[in-house]
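Numbering (my numbering), first residue to last: 1410 to 1517.
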């Protein structure tokens, strides 16, 4: 009878060991699945953050470009006004020069 009890206890110990191994494998697989899901969420959030960062940088760049464009246009308009004013003040001088050259050509 003691032999049967010992065998029964050995079998029970083996069953317990098998159960512990199975539980350990299940626990390992659950942790791996959980870690993978967490990694996917981290990657997803990183992509969202990267997109937001890119949009923010793009917005800042567009604002900077718009500001630079406005300054360039303003400077160009200012230079055009100066050139137009300078040209307009020299119209009388140019007309006199052309008339003098024409009269010289006629009298020559």
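Glycine included, every Cβ here is placed at the ideal spot set by N, Cα and C. The structure presented is a predicted model; accordingly, all values stated were derived computationally and were not measured.
For the alpha helix (DSSP H) containing residue i, name the first residue and the last one.
i, result
"residue 1461", "1411 to 1498"
Using a Cβ-Cβ cut-off of 7 Å (strictly less than) and excluding sequence neighbours within five positions of residue i, which residues of its own chain qualify?
i, result
"residue 1428", "none"
By Cβ distance below 6 Å, which residues in the same chain neighbour residue i in space, the five residues on each side in sequence not counted?
i, result
"residue 1481", "none"
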